[in-house]
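Let me begin by presenting the structure, written as structure tokens, before commenting on it.
Residue numbers (the UniProt record's numbering): 1 to 309.
Spelled out as structure tokens, the structure:
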């Protein structure tokens with residue numbers, strides 16, 4: 001059975017996905033870009049460059065660049081990898097790329113973007129994926145892949161058997177792509193990790209290993225205490241010792257990685273803080289540490305503009 005896949009968003013995660021899809025046997029991979037400049041850069045070569053972890057081996061991956069305002073395809077699987085705050089602007093594109101049997105796979109950090117799409121595209125089958133992938137976009141067509149190859153995906157509250165089709169391709173390409181009937185649990189687990197690693201690296205402008213510092217331990221504890229309270233409100237029970245070990249293990253495995261939030265701050269762009277710590281802050285009944293972390297990150301987002309004024 002021939003299947004096809006499209007990617008919305010040609011950033012670091014989109015680039016790594018294209019790599020595994022190509023290695024798995026898909027030779028035609030449309031990638032949709034919002035930026036006209038990025039589109040033209042990649043149109044010249046019709047490929048992206050992936051710099052592999054550890055070996056620094058370089059792979060050239062053929063892609064078919066598209067402009068987001070000009071949907072040209074009908075896709076069996078649509079991977080949406082844009083930032084959480086850009087998801088709303090891609091809803092019409094997802095509608096245009098879909099057919100009646102399409103599966104949309106949302107790959108954003110935090111909570112809010114999947115919920116928005118599931119509400120706005122109620123006729124579509126919308127899955128959510130939890131990604132453990134570290135990568136940096138060096139320029140429009142070059143991705144430095146820093147490691148991690150796991151995506152855990154599923155459709156919240158209902159079966160999503162179709163995902164096994166794309167899973168077969170990605171696994172054949174070398175990705176650890178898992179289909180689960182309990183994806184909500186994994187979303188919460190990843191949220192705990194993001195609540196710690198993303199803001200602490202962004203605020204200190206340090207790589208992930210800063211989380212392992214003794215001086216960070218009290219902050220880690222306080223962040224996770226509030227996370228556990230909110231998760232419990234939603235029916236998910238987490239042991240704090242387990243969560244701390246999980247966070248530290250992942251921080252150690254990705255110690256030299258630049259978190260996505262740190263990359264956003266270094267570029268002077270918006271972050272996904274409202275969907276991560278901001279989500280926890282909104283769900284708490286008092287202004288806790290996650291609230292003040294969210295406010296501090298918002299200060300960083302506007303710091304360069306204020307300086308120019």
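Positions of the beta carbon are idealized from the N, C-alpha and C atoms, including for glycine.
Alpha carbon of residue i to alpha carbon of residue j, nearest angstrom
i, j, result
"residue 260", "residue 224", "20 Å"
"residue 111", "residue 222", "20 Å"
"residue 307", "residue 208", "Only weak support is given to the placement of residue 307: the predicted model assigns it a pLDDT of 48, under 50, and the value that follows is read from those uncertain coordinates. Roughly 27 Å separates the two Cα atoms."
"residue 160", "residue 177", "14 Å"
"residue 195", "residue 252", "16 Å"
"residue 24", "residue 2", "13 Å"
"residue 213", "residue 256", "14 Å"
"residue 30", "residue 65", "6 Å"
"residue 254", "residue 246", "12 Å"
"residue 215", "residue 240", "18 Å"
"residue 272", "residue 28", "31 Å"
"residue 129", "residue 44", "31 Å"
"residue 120", "residue 127", "14 Å"
"residue 282", "residue 191", "14 Å"
"residue 299", "residue 184", "31 Å"
"residue 218", "residue 242", "16 Å"
DSSP three-state assignment for residue i, whether helix, strand or coil
i, result
"residue 159", "coil"
"residue 47", "strand"
"residue 5", "strand"
"residue 175", "coil"
"residue 257", "coil"
"residue 139", "strand"
"residue 215", "helix"
"residue 236", "coil"
"residue 147", "strand"
"residue 59", "strand"
"residue 52", "coil"
"residue 33", "strand"
"residue 288", "coil"
"residue 41", "helix"
"residue 166", "helix"
"residue 67", "strand"
"residue 118", "helix"
"residue 298", "helix"
"residue 80", "strand"
Sequence-distant residues of its chain with Cβ nearer than 6 Å to residue i (five each side left out)
i, result
"residue 311", "No statement about residue 311 is possible, as the shown extent of the chain runs from 1 to 309 and does not include it."
"residue 79", "7, 17, 105"
"residue 67", "39"
"residue 77", "5, 103, 166"
"residue 162", "103"
"residue 95", "none"
Cβ-based neighbour list, residue i, same chain, cut-off 7 Å, excluding 5 preceding and 5 following
i, result
"residue 133", "13, 16, 148, 149"
"residue 88", "116"
"residue 93", "8, 32, 68, 71"
"residue 244", "220, 224"
"residue 145", "16, 50, 51, 52, 53, 135"
"residue 19", "50, 59, 61"
"residue 164", "179"
"residue 131", "13, 107, 151"
"residue 169", "21, 24, 25, 26"
Own chain, CB closer than 8 Å to residue i, minus 5 neighbours either side, in chain order
i, result
"residue 201", "207, 208, 210, 211, 258, 259, 261, 262"
"residue 296", "199, 203"
"residue 270", "83, 85, 264, 301"
"residue 188", "231, 234, 236, 238"
"residue 172", "23, 24, 25"
"residue 379", "The requested residue 379 is not part of the displayed model; the chain covers only 1 to 309."
"residue 175", "20, 24, 149, 150, 151"
"residue 284", "226, 229, 230, 290, 291"
Closest by C-alpha distance to residue i, when choosing among the options
i, options, result
"residue 288", "245, 19, 230", "230"
"residue 156", "236, 182, 174, 291", "182"
"residue 56", "135, 44, 45", "135"
"residue 205", "266, 152, 193", "266"
"residue 193", "145, 122, 109", "109"
"residue 90", "113, 46, 139", "113"
"residue 139", "191, 282, 41, 249", "41"
"residue 186", "119, 299, 170, 107", "107"
"residue 250", "118, 101, 197, 34", "197"
Beta carbon of residue i nearer than 9 Å to that of residue j
i, j, result
"residue 274", "residue 294", "yes"
"residue 227", "residue 143", "no"
"residue 125", "residue 97", "no"
"residue 286", "residue 277", "no"
"residue 81", "residue 154", "no"
beta-carbon residue i near the ligand MN non-hydrogen atom, thresh 8 Å
i, result
"residue 219", "For the ligand MN, the structure offers nothing, since it holds no ligand at all."
Residue-chain proximity (residue i, chain B), Cβ-Cβ < 9 Å
i, result
"residue 181", "Of the protein chains in the structure, only one exists, and it is not chain B."
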